[in-house]
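Numbering (the working numbering), first residue to last: 71 to 380. As structure tokens, the structure follows; a few thoughts come after it.
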């Protein structure tokens with residue numbers, strides 16, 4: 071069984087398209103996106119009679135044609151941003167956090183619906199299995215959208231049959247400095263893992279799909295931050311920030327494979343006991359899809375891997 075696993079694309083449309091194309095390119099039996107599917111930035115584009123104005127990375131642009139508008143919107147989508155066309159009055163109305171959140175969520179869910187339409191076409195109406203899960207940065211409003219899509223399987227808290235293997239998934243992480251949507255203390259993460267692990271028919275033929283990487287494995291190294299949330303020494307000092315609950319669960323249950331994301335800088339592979347643990351990393355901001363191609367021997371459960379870029 072060949073699995074294409076990627077994670078943390080954070081709304082990058084070009085990375086989403088590459089993810090969908092990977093099924094055919096790598097001849098994968100299924101594709102899995104481990105979490106942090108959606109973006110974090112909305113960019114207003116102000117419509118005036120005959121032209122539009124937008125600020126991109128501090129540069130003010132005047133767009134004189136619909137072709138320029140469409141090109142700029144696609145550039146923003148590919149970087150993981152949500153372009154929002156607004157009138158001057160609508161922009162002025164985005165003056166408080168509640169109004170901004172409402173408009174952002176509307177743009178995000180509209181984009182996700184469009185992505186799922188792409189998936190339906192690329193993955194032949196669900197004939198190529200596609201498993202998606204939320205991550206700590208994903209709002210809970212995406213869950214019912216993913217759940218209702220015929221093109222993908224929403225994985226959170228489920229035991230998914232892969233035809234001889236099973237996959238269990240958890241998009242929650244240990245607490246971060248940014249107080250994101252799906253965070254919980256380590257003891258709660260442990261309870262979540264144990265609750266779903268108890269439903270696994272055979273742990274020797276199970277894949278863990280947990281967004282948080284296991285603590286202290288090299289898959290969880292992130293820049294150390296100072297009191298102002300800035301990287302110390304220009305980001306040169308790294309520290310482990312993964313989950314102790316995830317680490318302990320892997321060591322206790324020893325599945326053959328455990329896949330993770332969350333920490334973009336920590337692309338790599340490590341062994342915890344008998345378990346192969348993988349974090350393919352993320353370079354979504356550059357439009358690069360980092361991923362792992364995982365080949366599981368269905369007879370003996372051994373896993374071969376290749377980390378890929380595209």
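Backbone N, C-alpha and C define an ideal beta-carbon position, used for all residues, glycine too.
| Three-state class that DSSP yields for residue 355 in the structure shown | helix
| task | Identify every residue that forms a DSSP beta bridge with residue 338. | result | 349
| request: Ignoring anything shorter than 4 residues or poking outside the stretch 94-163, list the alpha helix (DSSP H) runs there in chain order. | output: 136-148, 158-163
| Looking at C-beta atoms only, is the number of pairs between the stretch 364-375 and the stretch 324-341 that lie closer than 8 Å three or more? | yes
| field | Minimum C-alpha distance to residue 363 - residue among 355, 352, 348, 233 | value | 348
| field | Residue interval of the beta strand (DSSP E) (run including residue 208) | value | Where residue 208 is concerned, there is no enclosing beta strand (DSSP E), given that its DSSP letter is neither H nor E.
| request: Please report the residue range of the alpha helix (DSSP H) in which residue 181 lies. | output: 167-192
| request: Mind checking who residue 72 pairs with in its DSSP beta bridge? | output: Beta-bridge pairing links residue 72 to 365.
| task | Kindly indicate which residue of 222, 267, 248 has the alpha-carbon position closest to the one of residue 229. | result | Among 222, 267, 248, the Cα nearest to that of residue 229 belongs to 267.
| query | Quick one: what does DSSP say residue 232 is sitting in, helix, strand or coil? | reply | coil
| said: Considering just the uninterrupted stretch of the alpha helix (DSSP H) at residue 259, what are its terminal residues? | reply: Unbroken alpha helix (DSSP H) run through residue 259: 256-267.
| said: From the DSSP secondary-structure annotation, give me the bridge partner or partners of residue 202. | reply: 103, 224
| Which of the three DSSP states, helix, strand or coil, is assigned to residue 91? | helix
| Residue from 218, 189, 170, 343 whose Cα sits closest to the Cα of residue 101 | 189
| Going by C-alpha distance, which of 170, 334, 318, 330 is nearest residue 343? | 318
| query | Do residue 107 and residue 277 come within 9 Å of each other at the CB atom, strictly closer than that value? | reply | no
| field | Any alpha helix (DSSP H) of 4 or more consecutive residues that is wholly inside the stretch 297-321 | value | none
| Rounded separation between residue 123 and residue 133 - CA only | 6 Å
| Based on the DSSP secondary-structure assignment, which residues constitute the bridge partners of residue 328? | 278, 347
| request: Under 6 Å Cβ to Cβ from residue 81, same chain only, skipping five residues before and after it: list those, please. | output: 108, 109, 150
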